[in-house]
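Heads up: the structure comes next, in structure tokens.
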Amino acid sequence: MSIFNEKSILVTGGTGSFGKVFISKLLKDHNPKRLIVFSRDELKQFEMAQTISHPNLRYFLGDIRDEARLERAFKGVDYVIHAAALKQVPAAEYNPIECIKTNVLGAENIINAAINTGVKKVIALSTDKAVNPLNLYGATKLCSDKLFVAANHLSDIGGTRFSVVRYGNVIGSRGSVIPFFRERAKEGVLPITDPRMTRFWITLTSGVQFVIDSAERMRGGEIFVPKIPSMKITDLASAIDPNCRQDIVGIRPGEKLHEMMIPKDEARNTLEFKDHYIIRPQSTFWDYDESPVFNGEEGKPVRQNFEYASDTNTEWFNTEQLRSVIESDV
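Numbering of the sequence shown is given in my numbering, commencing with residue 2 and proceeding in unit increments.
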């Protein structure tokens, strides 16, 4: 039995890549009483409504910077999936305050509005860039993650519960390197920042399913991390077009050679499951269930000094696998 059946669900940033797939998935495989797309761009809502419509689907204009508007939108909502964010690394470096207003102060607004209106659960989407952040975008998402975990302290016993889902680059998402590479491939040359670079990769459909599964598992305060493959940026370029020349252009400001989703310092709080990890909160002043069993599966503590990084990952996409996934999911 799905927790979303006969419930009201709101998705912030609902017209984005994740939101569209999540909304379609819930309408197809679940039976929500009300499904709300919350976003600030009326044109994107209009365009989305041309392809996704349902009697129980609502389009709600608003900005997560506006707490009063969030409270109005959250009335009667059971679950909130928070996907709204400013995500472009160069834009965040050039416009840091704007990124902070959305990713940090917007997170605070989500928390306050959810508690004030009695929302049952909030899942916030995060990124591998929040771990040991090198750029401002990653720093704002780290701050956001901390806010959502700590928000459980603000709720009464039985009140709103907050958790985080953290995963890597999304194949097919708006603004990803894939459409950029495809455009540059027309010129016969693909720019490679550094041939050693690796990244975690997850498909949109897998990311959406992981969020749904995490909403089922969550107790409040956890950071959920899926086990996903890594890939080399050079293999991705070859998957896009093996005939293109690859030019090394140098690493960009704020960019890492490799990404990490679980650092060594969080290993002491991490449980390993068959297809994911759960980082449990370090301190719990609310009614937190310390059992390692989530949805019938018992998690095992990871080894001391464990870390989950894209360059030391045990699962990898090769060129052929990348090409297959790109063609099937984008």
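Yeah, the Cβ is synthetic: ideal placement off N, Cα and C, and Gly gets one too.
Since this is a predicted model, take the numbers as computed values, not measurements.
H277 is bridged by DSSP to P227. Three or more Cβ pairs closer than 8 Å define a contact, and the region 305 to 314 meets that threshold against the region 220 to 232. Under the DSSP assignment, I234 falls in the alpha helix (DSSP H) whose first and last residues are I234 to I241. Using a Cβ-Cβ distance cut-off of 8 Å, the region 246 to 260 and the region 179 to 198 are in contact, since at least three pairs of beta carbons, one from each stretch, lie closer than that value. In the DSSP assignment, M261 forms a beta bridge with A310. Scanning the region 48 to 121 for uninterrupted beta strand (DSSP E) segments of 3 residues or longer gives 58 to 62 and 80 to 83, listed from N- to C-terminal end.
Inter-residue distance for D266 and F307 is about 9 Å (C-alpha atoms, whole angstroms). Listed as beta-bridge partners of Y168 by DSSP are T128.
Residue range V190 to I193 is occupied by the beta strand (DSSP E) that includes P192. Residues T194 and D195 of the same chain have their beta carbon placed closer than 6 Å to that of I252, with the five preceding and five following residues left out of the count.
Burial state of I241 is buried, judged by a 10 Å Cβ sphere holding 16 or more other Cβ atoms. Excluding its 5 nearest sequence neighbours in each direction, Y309 has C-beta neighbours in its own chain below 8 Å: V226, M261, M262, I263 and Y278, listed in chain order. Bounds of the beta strand (DSSP E) holding I249 are R246 to I249. A contact is defined here as three or more CB-CB pairs under 8 Å, and the region 127 to 135 meets this definition with respect to the region 157 to 171. In the same chain as D290, and ignoring 5 residues on each side of it, the C-beta atoms closer than 6 Å to its own belong to R220, in chain order. Between the region 36 to 53 and the region 89 to 98 there are fewer than three inter-stretch CB-CB distances shorter than 8 Å, so the stretches are not counted as touching. The criterion of a C-beta distance shorter than 8 Å is satisfied by L137 and C100. Looking from the CA of K26, the closest CA among F274, G208, S329 and T161 belongs to G208. For I82 and R185, the gap between their C-alpha atoms comes out near 34 Å. The three-state reading of DSSP puts E321 in helix, counting H, G and I together. Here L11 has I37, F39, A74, F75, V78 and V81 as same chain residues with Cβ atoms under 7 Å from its own Cβ, once five neighbours each way along the sequence are excluded. When the Cα atoms are used, Q210 and V123 turn out to be separated by approximately 16 Å.
Collapsing the DSSP output to three states places P180 in a helix. Residue range S9 to T13 is occupied by the beta strand (DSSP E) that includes V12, with no alpha helix (DSSP H) assigned at that position. According to DSSP, residue pairing for W202 in a beta bridge involves N170.
Separation of D30 and P254 (C-alpha to C-alpha, rounded to the nearest whole angstrom) is 42 Å. Taken through DSSP and simplified to helix, strand or coil, L28 comes out as helix. With 16 or more other Cβ atoms from the protein chains shown falling within 10 Å of its own Cβ, R200 counts as buried. From the listed residues A238, A151 and L148, the smallest Cα separation to P180 is found for A238. In the three-state scheme derived from DSSP, where H, G and I count as helix and E and B as strand, I4 is classed as coil. Per DSSP, the continuous beta strand (DSSP E) segment holding L36 begins and ends at R35 to S40. Of the residues R269, G63 and T235, the one whose Cα lies closest to the Cα of L258 is T235.
For a cut-off of 8 Å, the C-beta gap from A84 to F19 is around 5 Å, short enough to register as a contact. As the crow flies, the alpha-carbon of A152 is around 24 Å from that of P97.
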